[in-house]
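In what follows, a single structure is set out as structure tokens and then discussed.
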Amino acid sequence: MNDDTQAWRQERRQINVDALSIGLAVGTYGLSFGALAVTSGFSLGQTMALSSLTFTGASQFALVGVIGAGGSAVAGVLAALFLGIRNSLYGLSLAPLLQVHGPRRLVAAHLVIDESTAMTISQPTPRAARWGFWATGVAVFVCWNTASLLGAAGAEAIGDPETFGLDAAVGAAFLALLWPRLRQRDARITAALGAAVALALTPFLPPGVPVLLAAAVAVVVAWPVPRRSDSDRGSAGTT
Amino acid sequence: MWPAVLATSLGAYLLKLLGLSVSQQTLDRPRVRRIATLVPVALLAALTAVQVFVSGSTLVLDARAAGLAFAVVALLLRAPFLVVVVGAAAVAAGLRTIAG
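Chains as they are written, first to last, in the numbering used here: chain B, 1 to 239; chain Z, 240 to 339.
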């Protein structure tokens, strides 16, 4: 095996640098998450359990956002898990590239997130794809958890969220997570309908439930498959 | 809160593992892909709307809306995440201070 050629060493180094810069960028989300979780009433331990065990940002924001806004725990968990469905989709694209089995697959699964998927599927060779997956997964895991801890510890010192407009920050965070997913026309339609349905149902249903029903909008919009389908649109977002 | 934290963690992990483990034909259909791509879009849009325009179970227009407007402009200008979030918070907090 002539695996360690000069070119491959160089390629690996480049992937590591890319992975680290993605990790640092994701760290800024982690700071916000840690701060928002604590101001929504989660303890430092619970915040860190979410970042290390759940380890998928949008779901974590959803749980914290729904419960922080007075929704039930069940509504929060369901919203978080509905968002996590896209990670199953990522796994489908990753499985043939990663070829992981047994215990390695159990570890790899934990690292299946937006960033590691985007990095993996954009590599030119399967070997680089595998390296990209593990490098990005580990870099994001370390940065995400470190930043969550800093954000949570910082927020514990602050107190009332409204003083610093942190309640407005949650909405901005959701919008920033949504933004890169709006490139396709049917995504923009889905977003507009989802927001409208959630707001229209809010006066009549318990907090958290209107958000879940908005997910049904996506199923309705997605159901008719276009004939000349752009069927490999399952590309990864940016978080 | 702990049961919610642990249930979310377990569920999120199983969803990740599912994608790596099922046979390609089972889930890899255009319709399933479209649903899995669009469900997060609908949810994030709904979460944004509810977070900004709802208080309890009534629709309101307050300082948070100004924060969201700032976020839209910042995202159009391709500002980094932290600028979007911190800026939105600062706009809302500033407006509240002015309104007294």
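Glycine included, each C-beta is placed from N, C-alpha and C at the ideal position. Model, not experiment: these values are computed from the prediction.
Query                                                                                                                                                                                              : Result
Which residues in the same chain as residue 226(Z) place their Cβ atom closer than 6 Å to its Cβ, once the five residues preceding and following it in sequence are excluded?                      : Residue 226(Z) is absent from the structure shown; chain Z starts at 240 and stops at 339.
By the DSSP assignment, the alpha helix (DSSP H) with residue 186(B) in it spans what residues?                                                                                                    : 185-201
Please give the ranges of any beta strand (DSSP E) in the segment 128-157 of chain B, keeping only runs that are unbroken, at least 3 residues long and fully inside the region.                   : none
Output yes or no for whether 9 Å exceeds the beta carbon distance between residue 270(Z) and residue 225(B).                                                                                       : yes
So with Cβ pairs under 9 Å, would you call residue 337(Z) a contact of chain B?                                                                                                                    : no
May I have the straight-line CA-CA distance separating residue 237(B) from residue 117(B), to the nearest angstrom?                                                                                : With a pLDDT of 46 at residue 237(B), under the threshold of 50, the modelled position of this residue cannot be trusted, and the question is left open.
If contact is defined by three or more beta carbon pairs under 8 Å, each pair taking one atom from either stretch, is the segment 178-193 of chain B in contact with the segment 45-53 of chain B? : no
List, in order along the chain, the chain B residues whose C-beta lies closer than 8 Å to that of residue 263(Z)?                                                                                  : 92, 95, 96
Less than 9 Å between the C-beta atoms of residue 191(B) and residue 274(Z), yes or no?                                                                                                            : no
My output table needs one value for residue 298(Z): the three-state DSSP class, helix, strand or coil.                                                                                             : strand
Quick one: what's residue 293(Z) bridged to in DSSP?                                                                                                                                               : 298(Z)
Please return the same chain residues whose Cβ sits closer than 7 Å to the Cβ of residue 234(B), not counting the five positions on each side in sequence.                                         : Confidence at residue 234(B) is low in this model, with a pLDDT of 45, below 50, so the placement of that residue should be treated as unreliable; the coordinate-derived value is given next. Excluding residues within five positions, the ones whose Cβ falls inside 7 Å are 89, 93.
For the 8 Å Cβ check, are there 3 or more pairs between the segment 6-20 of chain B and the segment 29-39 of chain B?                                                                              : no
Let me make sure I understand the geometry here. Which of 198(B), 168(B), 152(B), 166(B) has the alpha-carbon closest to that of residue 42(B)?                                                    : 152(B)
Under 8 Å between beta-carbons, which chain B residues line up against residue 254(Z)? List them in chain order, please.                                                                           : 81, 84, 85, 87, 88
Let me make sure I understand the geometry here. Which of 185(B), 62(B), 55(B), 186(B) has the alpha-carbon closest to that of residue 107(B)?                                                     : 55(B)
Under 9 Å between C-beta atoms, does residue 289(Z) make it to chain B?                                                                                                                            : yes
What distance in whole Å lies between the Cβ atoms of residue 139(B) and residue 22(B), which are believed to be in contact at a cut-off of 8 Å?                                                   : 7 Å
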